[in-house]
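Heads up: the sequence shown at position 29 corresponds to 29 in UniProt numbering, and the numbers run straight through without jumps. Ideal placement from N, C-alpha and C gives every residue a C-beta, glycine not left out. Since this is a predicted model, take the numbers as computed values, not measurements.
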Amino acid sequence: MTEDEIFHQLRGLCAEILAVDPALITPDTDLREELEADSLDMAELAVASGDRFDLLVDFDLARHVRTLGDVTTLVRAGVRAG
1 MTEDEIFHQL RGLCAEILAV DPALITPDTD LREELEADSL DMAELAVASG DRFDLLVDFD
61 LARHVRTLGD VTTLVRAGVR AG
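Laid out in structure tokens, this is it:
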């Protein structure tokens with residue numbers, strides 16, 4: 001799976017969780033500052049990402065995520081490792 005494919009799937013998840021237009025989400029969009037994601041939103045995104053890509057979520061790493069590009073990088077690393 002390419003990084004672009006992962007990003008597009010994650011963008012759909014993120015848009016659904018945050019109830020925003022997917023067009024507003026780029027790899028560099030700050031989920032907390034620009035889209036006002038709170039800690040529960042971020043936890044939900046982490047769990048949904050783990051479920052979608054069949055990965056175990058490292059919540060210590062996940063709590064440092066700021067952008068969807070960060071999430072994409074973590075997922076891609078997990079997909080390659082798996």
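For E3 and I25, the gap between their C-alpha atoms comes out near 15 angstroms. Listed as beta-bridge partners of T67 by DSSP are D30. E5: member of the alpha helix (DSSP H) spanning 3 to 18, first to last residue. Cβ contact annotation for M42 (same chain, cutoff 8 angstroms, sequence separation greater than five): L31, R32, A62, R63, V65, in chain order. The closest CA to that of D70, considering only L45, D21, M1, E16, is found on L45.
Cα atoms of R52 and V20: separation of roughly 19 angstroms, rounded to the nearest angstrom. In the DSSP assignment, L55 falls outside any alpha helix (DSSP H) and carries neither an H nor an E. Inclusion of A48 and L18 in the CB contact set at 8 angstroms is not warranted, their separation being larger than that value.
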